[in-house]
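Structure below.
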C-alpha cells in the first residue's frame with residue numbers, strides 16, 4: 001500500500017490523546033462521523049494561514065501550532081460557542097520530522113486543553129500553508145451574532161488591543177523595546193494570543209453582538225455596525241493600552257495599532273444598558289480587563305471618533321490582504 | 001473599512017442562490033450556525049487541491065470549480081451521506097475576475113444541483129490552492145464505514161476505473177487518442193468525475209463497507225481490508241474497462257491504470273452474499289455499471305490477484321503524494 005504520506009499523517013496527527021464521546025468515527029475513514037446533542041447548534045469557521053502572509057516564515061513551529069488553533073478558536077469565542085472538533089489541512093514543502101513533531105505537539109497540547117478532537121484533514125506537498133476548520137456547539141438561540149447591536153448599547157473590548165501589532169514589529173526589527181519583560185509580553189501577544197472562549201460563553205445572555213479582533217478594531221467593529229445597521233461613537237481616550245505598549249511607542253502609534261493593527265484576537269461586543277451590571281459580575285472575575293470604549297448610535301450617524309470630547313477625523317484602514325498598501 | 005478582500009469574497013462567493021432551512025446563519029458572521037435534525041449524524045471531510053499537484057496549472061476554472069466539489073462529494077458518497085454544507089478556503093495569486101467568475105459559477109451550479117449551501121471560508125493571497133470542508137448528514141447507525149467487510153463478502157466497483165488516468169495522460173500529451181469521442185470521454189472522466197452520491201445512499205443498508213477510489217483500487221481497497229482486518233482475492237479478468245480505454249491502450253497499461261491510476265472517484269464496496277439480490281435492484285437502475293471483482297477473505301491470506309484463475313504477483317503502488325516516484 002501507499003506509505004509515505006499516510007505514515008506521516010498517522011505518526012504526527014493520528015493521536016487519540018483526547019477522545020470525545022460525540023465522535024463516532026474520527027480520523028481513518030472517508031468522513032468523520034459526529035453526533036450532536038439536542039438543542040445544540042453547530043458553529044463552523046474556517047481560516048487559512050499562509051507562510052509569509054499570516055505568520056513569519058521562520059516562526060517556531062510550537063508557536064505556529066498554538067496560534068493556528070488560537071486564531072480559529074477566537075471565531076468560536078466570538079459566537080459564544082464551546083470548542084468541539086478540528087479539521088487540519090496542511091501543505092508542507094518537505095517532510096521535516098522535527099518541525100512536524102514540534103508543531104503537532106503544540107497543537108495537541110492546545111486541543112487537549114480545550115477538550116477538542118482532531119477529526120480529519122489532508123496533507124499535501126507545496127508551499128507551507130494550512131487551513132483549519134473549527135467546529136463548536138452553542139445552545140440553540142444563544143449564539144452571539146454580529147447583527148444584534150442596537151442604538152444605545154455600550155461597546156466594549158477585552159484586553160489591550162494594539163499589543164499584537166507591537167509584538168510583530170519587534171519580531172520584524174521595526175521596533176526596539178529595551179525592557180525584556182515588555183518585549184517578551186508584546187511578542188507573546190502576537191505569537192500566542194489567548195482565544196477569549198470563557199468570555200464568549202459568559203457573554204451569551206448578556207451581549208447583543210460580538211466579534212473577535214482579527215483585522216483591527218475599526219474594521220471589525222465596522223462588521224458589527226454593518227450587520228446591525230447601526231452607527232457608533234468611539235471615545236479614543238477610553239481605549240485601553242498595556243503598559244508595555246504605552247512606554248515604548250508614541251501615543252499616535254499606539255492609537256493606530258489599537259484601531260487597525262490587527263491580530264489581537266480580543267473580543268469587541270455590545271451590551272444593552274440593562275445588562276451592564278450583570279456583565280461586571282459575569283466577566284469581572286475572568287482576570288482580563290474589559291473596557292467600555294463607546295456607544296452604538298443610529299446608522300445615519302456613521303462611525304464617529306471623539307478625542308477630548310470633540311469629534312476627530314481618522315484616516316486608518318483595517319488590515320486587508322488584497323487592499324493596496 | 002477594508003475593501004479589497006471582502007468585496008471580492010462578497011461578489012463571487014456570497015450568493016444566496018440555494019438557501020437551506022438548516023442554515024441559521026451562513027456567510028457573514030464569525031461562524032456559520034447550523035441545525036441538525038434528530039437521529040442524523042454529521043459526516044465531515046476535508047480535501048486540499050494544490051495547483052500543479054492535484055490539477056494542471058492551466059485547468060479551465062469551470063472544470064476546477066466542478067472537480068474541487070466533486071472530489072469532496074465523493075467522500076460523502078463513500079459514507080452514504082446526504083450532501084449539506086461546504087466551506088471553501090481559497091488561496092489566489094491575484095484577483096482575476098474572469099477566472100473567479102468562471103470558477104464560482106461552476107461551483108455554485110454544482111452546489112445548487114446537490115441542494116448544498118456555501119456557509120463560509122477564507123480568501124488569501126498566495127500560490128493557487130484550495131481546501132474544501134464538506135458536511136453531510138446520514139441517518140444514525142447507517143453510515144458506510146471502511147471497517148465492516150467480513151470474509152465471504154463480495155467486492156464491487158462502480159463504473160470503469162482507469163479512465164481518469166487515461167484522461168490525464170491525454171491532457172498531458174502522454175497518450176494520443178485518435179477518435180474524438182473516446183478522447184473527450186476519457187478527459188471528461190478526469191476533469192469531471194461524477195460523485196456517486198446516489199449509489200452511496202442506495203448502499204446504506206446493503207454494503208458492509210465502502211470507500212471512494214481516489215488513490216487507486218489497490219491502495220483504496222487496502223484501506224478497507226486494513227480497517228476490516230481482512231484479506232481479499234481480486235479476479236483481474238473481471239475488472240471492467242470502458243471501450244475508450246480498451247481500444248487505446250495496451251491491456252497491461254489498462255490494468256495498471258485500473259488498479260493504481262487514481263482519481264476515478266468510483267465507489268469500491270463490499271456486500272454480504274445475502275444482499276446481492278437486493279443490490280441488483282437497488283443500484284441496477286442508476287445507469288452506471290457495477291461489477292463484482294472479487295471476494296473478501298481472511299486477513300492471513302493478504303491481498304491476492306488472480307489472472308486466468310491463477311495467482312499472479314503485481315508490483316504496483318497506489319498514488320502517494322510523498323512516496324518516491
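Residue numbers (full-length UniProt numbering), protein chains in the order written: chain P, 1 to 325; chain Z, 1 to 325.
Note that CB positions come from ideal geometry on N, CA and C, so glycine has one too.
Let me know the beta strand (DSSP E) ranges lying completely inside the region 253 to 307 of chain Z, each 3 residues or longer, listed in chain order.
Taking only runs of at least 3 residues, the beta strand (DSSP E) segments lying wholly in the region 253 to 307 of chain Z are 267 to 271, 290 to 298 and 303 to 307.
Can you tell me the Cβ-Cβ gap for residue 299 of chain P and residue 247 of chain P, rounded? I've got them flagged as a contact below 8 Å.
The pair is not a contact, with the Cβ atoms about 39 Å apart (cut-off 8 Å).
At a Cβ threshold of 8 Å, is residue 231 of chain Z touching chain P?
So no, residue 231 of chain Z is outside the interface.
Assign residue 163 of chain P to one of two classes, buried (16 or more other C-beta atoms within 10 Å of its C-beta) or exposed (fewer than that).
Burial is judged here by how many other beta carbons sit within 10 angstroms of a residue's own beta carbon; residue 163 of chain P has at least 16 and is buried.
C-beta neighbour in chain Z for residue 305 of chain P, strict 8 Å
Output row for residue 305 of chain P: interface = no.
With DSSP run on the structure shown, which of helix, strand or coil describes residue 146 of chain Z?
Note: residue 146 of chain Z maps to helix in three-state DSSP.
What's the gap between the Cα of residue 187 of chain Z and the Cα of residue 153 of chain P?
For residue 187 of chain Z and residue 153 of chain P, the gap between their C-alpha atoms comes out near 59 Å.
Quick one: grab the DSSP three-state call for residue 178 of chain Z.
Reduced to three states, the DSSP call for residue 178 of chain Z is coil.
Alpha carbon of residue 312 of chain P to alpha carbon of residue 76 of chain P, nearest angstrom
Taking the Cα positions, residue 312 of chain P is about 34 Å away from residue 76 of chain P.
Whole-number beta carbon distance between residue 79 of chain Z and residue 32 of chain Z, since they are thought to touch under 8 Å:
Not confirmed; about 21 Å, so no contact.
Please state the DSSP three-state secondary structure of residue 94 of chain Z.
Residue 94 of chain Z sits in coil when the DSSP states are folded into three classes, being neither helix nor strand.
Enclosing alpha helix (DSSP H) for residue 201 of chain Z [first to last residue]:
Its alpha helix (DSSP H) spans residues 197 to 203.
Return yes when the Cβ of residue 155 of chain P is within less than 8 Å of the Cβ of residue 270 of chain P, no when it is not.
Between residue 270 of chain P and residue 155 of chain P, the CB-CB gap stays under 8 Å.
Can you confirm whether the region 167 to 182 of chain P touches the region 211 to 223 of chain P when touching is taken to mean that 3 or more C-beta pairs between the two stretches lie within less than 8 Å?
Taking 8 Å as the limit for Cβ pairs, the verdict is that the region 167 to 182 of chain P does not touch the region 211 to 223 of chain P.
Span separating the alpha-carbon of residue 105 of chain Z from that of residue 189 of chain Z:
Taking the straight line joining both Cα atoms gives about 20 Å.
DSSP three-state call for residue 81 of chain P: helix, strand or coil?
Looking at residue 81 of chain P - three-state DSSP - the assignment turns out to be coil, as it is neither helix nor strand.
Residue 158 of chain Z and residue 204 of chain Z look like a contact to me (Cβ under 8 Å); what is the Cβ gap, rounded to whole Å?
No, residue 158 of chain Z and residue 204 of chain Z are not in contact; Cβ-Cβ is about 15 Å, not under 8 Å.
Assign residue 281 of chain P to buried or exposed, taking buried as 16 or more other Cβ atoms, counted over all protein chains shown, within 10 Å of its Cβ.
It is exposed - the Cβ of residue 281 of chain P has fewer than 16 other Cβ atoms within 10 Å.
Can you name, in chain order, every residue of its own chain whose Cβ lies under 6 Å from the Cβ of residue 102 of chain Z, other than the five neighbours on each side?
61 and 62.
Same chain only: Cβ atoms within 6 Å of residue 185 of chain P, ignoring 5 sequence neighbours per side
Excluding its 5 nearest sequence neighbours in each direction, residue 185 of chain P has C-beta neighbours in its own chain below 6 Å: 244, listed in chain order.
Which of the three DSSP states, helix, strand or coil, is assigned to residue 65 of chain Z?
The DSSP-derived three-state label of residue 65 of chain Z is helix.
Can you find at least 3 beta carbon pairs, one from the region 124 to 141 of chain P and one from the region 41 to 51 of chain P, that sit closer than 8 Å?
Taking one beta carbon from each stretch, the region 124 to 141 of chain P and the region 41 to 51 of chain P have 3 or more pairs nearer than 8 Å; the two touch.
6 Å Cβ shell around residue 12 of chain P - same chain, five flanking residues per side excluded:
Same-chain partners within the cutoff: 100 and 104.
Indicate the three-state DSSP secondary structure (helix, strand or coil) for residue 251 of chain P in the structure shown.
Under the three-state reduction of DSSP, residue 251 of chain P is assigned to helix.
Per DSSP, cross-strand counterpart(s) of residue 40 of chain Z
Here residue 40 of chain Z is bridged, per DSSP, to Z:139.
Could you tell me whether the Cβ of residue 202 of chain P comes closer than 8 Å to any Cβ of chain Z?
False, the Cβ-Cβ gap to chain Z never drops below 8 Å.
Along chain Z, in chain order, which residues have C-beta atoms closer than 7 Å to that of residue 44 of chain P?
31, 32, 34, 87, 119 and 120, listed in chain order.
Along chain P, which residues have their Cβ under 9 Å away from the Cβ of residue 283 of chain Z?
By Cβ distance, chain P contributes nothing, its closest Cβ being about 18 Å from residue 283 of chain Z, past 9 Å.
Does any residue of chain Z bring its CB to less than 8 Å from the CB of residue 76 of chain P?
With 8 Å as the cut-off, residue 76 of chain P counts as an interface residue toward chain Z.
Quick check: the Cα distance between residue 29 of chain P and residue 149 of chain P, rounded to an integer number of angstroms?
So the two alpha carbons sit approximately 43 Å from each other.
For residue 212 of chain Z, which residues in chain P fall below 8 Å Cβ to Cβ?
Listed along the chain, the chain P residues whose CB falls inside 8 Å of the CB of residue 212 of chain Z are 30.
Within the 8 Å Cβ cut-off, does residue 271 of chain Z reach chain P?
It does not: the Cβ of residue 271 of chain Z has no partner Cβ on chain P nearer than 8 Å.
Name the residue from Z:171, Z:130, Z:168 and Z:74 whose alpha carbon lies nearest to the alpha carbon of residue 327 of chain Z.
Any property of residue 327 of chain Z remains undetermined from this structure, which presents chain Z solely from 1 to 325.
Which term fits residue 307 of chain P, buried or exposed, when burial requires 16 or more other beta carbons within 10 angstroms of its beta carbon?
It is exposed - the Cβ of residue 307 of chain P has fewer than 16 other Cβ atoms within 10 Å.
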